[in-house]
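First residue of the sequence shown: 5, per my numbering; consecutive thereafter.
Note sheet for the following structure.
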Amino acid sequence: MNDSLRMRRERRLLVLLGLACIALIGGALYLQYFKHEAPCPLCIIQRYFFLLIAVFAFIGATLRGWRGIAVLETLIVVAAAGGMAAAIQHIEVQANPSFSCGSDTLEPIVDALPLAKLWPGAFKVAGLCEIPYPPILGLSLPQWGLVAFGLTFVLVSRSLWRTRKLRALRQA
Numbered sequence: 005m006n007d008s009l010r011m012r013r014e015r016r017l018l019v020l021l022g023l024a025c026i027a028l029i030g031g032a033l034y035l036q037y038f039k040h041e042a043p044c045p046l047c048i049i050q051r052y053f054f055l056l057i058a059v060f061a062f063i064g065a066t067l068r069g070w071r072g073i074a075v076l077e078t079l080i081v082v083a084a085a086g087g088m089a090a091a092i093q094h095i096e097v098q099a100n101p102s103f104s105c106g107s108d109t110l111e112p113i114v115d116a117l118p119l120a121k122l123w124p125g126a127f128k129v130a131g132l133c134e135i136p137y138p139p140i141l142g143l144s145l146p147q148w149g150l151v152a153f154g155l156t157f158v159l160v161s162r163s164l165w166r167t168r169k170l171r172a173l174r175q176a
């Protein structure tokens, strides 16, 4: 596969990743408004990480050079790692309900972020992390978040490594 076809494929995959992250946020909003599952501080933090991944993916998809795409993919990997950390903390809180997510501490910080003021219906804290909602296909929402962030982390890291390796072979 030549370089321009590989770049076109990479950019399409970034668009697909961005759309998947937007769809996940849309699913969270559906659960919030139609299933009345109020988001906790850790839920909102995970939404921010999905949004960051989507923004980085869409920006990366517009770039024409490998260096810019690699920078944006690195930011995607960092955001996915942050999302995994938030999801793991959320899973831990739900597994040990006596252990709080720190909503007393986290809520004012999360609610002070810019999107909480611009779009409070989607980014303002309204629930507690300890409340377990019914599982979807056997997994809780934080577990699904961990799956999504983990897949993003692994697949984008793999893509970065493979692209770097191929480019190094071409220069040798």
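Just so you know, even glycine gets a beta-carbon here, dropped at the ideal spot from N, CA and C.
Residues sharing a beta bridge with residue i, DSSP
| i | result |
| --- | --- |
| Leu143 | Ile140 |
Inter-residue CB distance, residue i and residue j (contact presumed, cutoff 8 angstroms)
| i | j | result |
| --- | --- | --- |
| Val97 | Pro43 | Not really, about 14 angstroms apart at Cβ, beyond 8 angstroms. |
| Phe153 | Ala84 | 5 angstroms |
| Ala74 | Leu164 | 6 angstroms |
| Leu150 | Ile95 | 7 angstroms |
Pick from the options that is closest to residue i, judged by C-alpha positions
| i | options | result |
| --- | --- | --- |
| Trp123 | Ala24, Arg13 and Ile48 | Ile48 |
| Leu55 | Glu14, Thr109, Gln147 and Ile29 | Ile29 |
| Val114 | Ala65, Arg162, Tyr52 and Leu76 | Tyr52 |
| Ala116 | Pro101, Pro45 and Leu159 | Pro45 |
| Pro4 | Lys169, Leu20 and Gln93 | The displayed coordinates of the chain run from 5 to 176. Any statement about residue 4 would go beyond what the structure contains. |
| Arg71 | Glu14, Ile26 and Leu20 | Glu14 |
| Arg162 | Ala90, Thr78, Thr109 and Lys121 | Thr78 |
| Gly131 | Ile26, Tyr37 and Cys25 | Tyr37 |
| Gly69 | Trp148, Met11 and Leu170 | Met11 |
| Leu20 | Asp7, Asn6, Gly64 and Gly31 | Gly64 |
Nonlocal neighbours in the same chain, by C-beta distance under 8 angstroms from residue i, ignoring five residues either side
| i | result |
| --- | --- |
| Lys39 | Tyr137 |
| Met88 | Leu150, Phe153, Gly154 and Phe157 |
| Arg168 | Ala74 |
Contacts around residue i, its chain only, beta-carbon distance under 6 angstroms, and the 5 residues preceding and following it disregarded
| i | result |
| --- | --- |
| Leu119 | Phe127 |
| Pro101 | Glu134 |
| Gly22 | Ala58, Ala61 and Phe62 |
| Leu67 | Ile73 |
Cβ neighbours of residue i in the same chain (closer than 7 angstroms, five flanking residues each side left out)
| i | result |
| --- | --- |
| Glu41 | Leu35 and Tyr137 |
| Ala90 | Leu46, Ile49, Gln50 and Phe53 |
_What ranges does the alpha helix (DSSP H) occupy inside the segment 8 to 84, keeping only unbroken runs of at least 4 residues that lie completely in it?_
Runs of the alpha helix (DSSP H) inside the segment 8 to 84: 45 to 66.
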